[in-house]
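Every number in the UniProt record's numbering is 292 more than the matching position in the sequence shown, counting from 1. Every residue, glycine too, gets a C-beta built ideally from N, C-alpha and C. None of the values given here were measured: they were computed from a predicted structure.
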Amino acid sequence: HCKGNYIRNYAFYTRQMSQEIEKEQRIVNSMKSALENHEFVVFYQPKYGLSDNQIAGAEALVRWKHPERGMISPGEFIPVFERNGFITKLDYYVWEQTCIQLRKWMDEGKNPLPISVNLSRVSLYNKDIVNVICNLVDSYRIPRRLFQVELTESAYNTNPKAVQDMMQRLREEGFYILMDDFGSGYSSLNVLKDIVVDVLKMDMKFFAGDDREGRGENIMAAVIRMAKWLNMPVVAEGVERIEQVEFLRSIGCEYVQGYYFAKPMPVEEYEKLQFDRPHAERKKETERLVDID
Ligand code: C2E
Ligand code: MG
Ligand code: MG
Ligand code: MG
Numbered sequence: 293h294c295k296g297n298y299i300r301n302y303a304f305y306t307r308q309m310s311q312e313i314e315k316e317q318r319i320v321n322s323m324k325s326a327l328e329n330h331e332f333v334v335f336y337q338p339k340y341g342l343s344d345n346q347i348a349g350a351e352a353l354v355r356w357k358h359p360e361r362g363m364i365s366p367g368e369f370i371p372v373f374e375r376n377g378f379i380t381k382l383d384y385y386v387w388e389q390t391c392i393q394l395r396k397w398m399d400e401g402k403n404p405l406p407i408s409v410n411l412s413r414v415s416l417y418n419k420d421i422v423n424v425i426c427n428l429v430d431s432y433r434i435p436r437r438l439f440q441v442e443l444t445e446s447a448y449n450t451n452p453k454a455v456q457d458m459m460q461r462l463r464e465e466g467f468y469i470l471m472d473d474f475g476s477g478y479s480s481l482n483v484l485k486d487i488v489v490d491v492l493k494m495d496m497k498f499f500a501g502d503d504r505e506g507r508g509e510n511i512m513a514a515v516i517r518m519a520k521w522l523n524m525p526v527v528a529e530g531v532e533r534i535e536q537v538e539f540l541r542s543i544g545c546e547y548v549q550g551y552y553f554a555k556p557m558p559v560e561e562y563e564k565l566q567f568d569r570p571h572a573e574r575k576k577e578t579e580r581l582v583d584i585d
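Below is the structure:
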């Protein structure tokens, strides 16, 4: 009986595994042509300031518009690309698209807000990455404060000394560094001692699950406090509900990003949010959005 089960389970798992491998292989097979055919599209998710209820900038988030499979989310293909190294090419593509976009707005006489891009920890293996970023941004004549870099918390684990060195060089070059997903898992508070970043992106996992004692809320309040002592503004990411907005406002969180305000959107939409409507109207709208008292 037991043995039968074992064999059945074994058959089940191997079938599942080979399906996984096939899926990954399909992704790998189509990734190179995808880059050439511009199937990767950059979406923008706005960030809002809680003190003035204004858009403060946006994060560039990549999407894959696959001709057969439709829209694929980064959660599916980025881990694959990180395993086979293709992420380096994709990240560069996203940064360049971002630069092209910023350049276009500037040429149109607009005054674009900063855009942050994600940098995979795999890209850190490239010793030349600081030069690569500087050359790219300079070739499009983008002021460096407009091009910000998000590096996920877990990236600081792998080789703290190298990461520290790279972050410092990027900052010396005039780029803002955001520590992404802070509090999501891997690193300890100690990284904040050695690695100087400009902005902390606080993960909303602290809100998750059953928390009648409000322990998550107390931790978030402590994170905001600590960030103030370290002179870092905080962006709360993944904000979905008005109660969260109110709580974040009450503990002095400066910036928010999340579905409650806006989902990642195509550039045409973000452009409208950023430039089209008169300032006063935009302000009123965001005030309604955050339900200010
Ligand atoms: P991330 O950088 O932490 O980006 C935030 C993710 O949370 C995005 O998922 C965003 O769509 C999602 N999000 C935003 N607001 C909410 C919310 O209110 N609720 C929930 N549940 N989710 C929200 P997305 O776009 O699927 O990207 C996932 C991750 O993939 C990103 O996490 C980032 O680590 C990575 N990624 C995306 N684009 C790039 C890229 O161009 N390069 C690299 N290296 N990684 C990227
Ligand atoms: Mg990010
Ligand atoms: Mg994040
Ligand atoms: Mg995240």
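query = alpha helix (DSSP H) containing Ile516: first to last residue?
reply = 507–521
task = Ignore the nearest five residues each way along the sequence and tell me which others in Tyr468's own chain have a CB closer than 6 Å to its CB.
result = Gln440, Asp490
inquiry  = Measuring alpha carbon to alpha carbon, tell me which residue in Ile434, Pro359, Ser415, Pro525 is nearest Asn329.
reply    = Pro359
query = Trp387 bridges to which residues according to DSSP?
reply = Per DSSP, none; premise fails for Trp387.
Distance between Leu443 and Arg413 (C-alpha atoms, nearest Å) = 7 Å
ask   = Going by beta carbon distance, what residues of the same chain come within less than 7 Å of Gln389, once the five residues before and after it are set aside?
value = Val334
request  = Would you please state the rounded distance, in angstroms, between the beta carbons of Phe553 and Tyr336? I believe it to be under 8 Å.
outcome  = Phe553 to Tyr336, Cβ: 13 Å. No contact.
task = Confirm, please, whether the CB-CB distance from Glu351 to Asn403 is below 9 Å.
result = no
inquiry  = Distance check for Met398 and Trp387, CA to CA, integer angstroms please.
reply    = 16 Å
task = For the beta strand (DSSP E) holding Asn410, just list the boundary residues, first then last.
result = 407–411
task = Jot down the residue ranges of each uninterrupted beta strand (DSSP E) in the region 418–461, minimum 3 residues, whole runs only, in chain order.
result = 439–444
query = With DSSP run on the structure shown, which of helix, strand or coil describes Ile370?
reply = helix
key: Contact test: Lys493 Cβ vs ligand 3 heavy atom, cutoff 8 Å   = yes
message = Using a Cβ-Cβ cutoff of less than 7 Å, which residues in the same chain neighbour Ile584 once the five nearest sequence positions on both sides are dropped?
response = Note that Ile584 scores a pLDDT of 39, beneath 50, so its modelled location is shaky; the value from the coordinates is reported in the next line. Counting only Cβ-Cβ distances below 7 Å, and skipping sequence neighbours, we find Asn345.
DSSP three-state assignment for Glu546, whether helix, strand or coil = coil
message = Please identify the residue among Cys391, Ile313, Arg318, Met494 whose C-alpha is closest to the C-alpha of Val515.
response = Met494
key: DSSP three-state assignment for Val483, whether helix, strand or coil   = helix
message = Measuring only the C-alpha atoms, how far is Ala348 from Asp503?
response = 31 Å
key: Under 9 Å between C-beta atoms of Met458 and Val422   = yes
query = How should Leu481 be labelled, buried or exposed, when 16 other C-beta atoms within 10 angstroms of its C-beta is the threshold for buried?
reply = exposed
query = According to the Cβ coordinates, are Phe498 and Met512 closer than 9 Å?
reply = yes
ask   = Alpha carbon to alpha carbon, what distance is there between Val559 and Glu532?
value = 22 Å
ask   = Identify the residues that DSSP records as bridge partners of Ala528: which are they?
value = Met494, Val548
query = Among all the DSSP beta bridges, which residues are the ones paired with Val334?
reply = Val354
task = State the CB to CB distance for the pair Glu505 and Phe539, rounded to an integer number of angstroms; the pair is presumed to be in contact (CB under 8 Å).
result = In fact, because the Cβ distance is near 15 Å, the residues do not count as touching under 8 Å.
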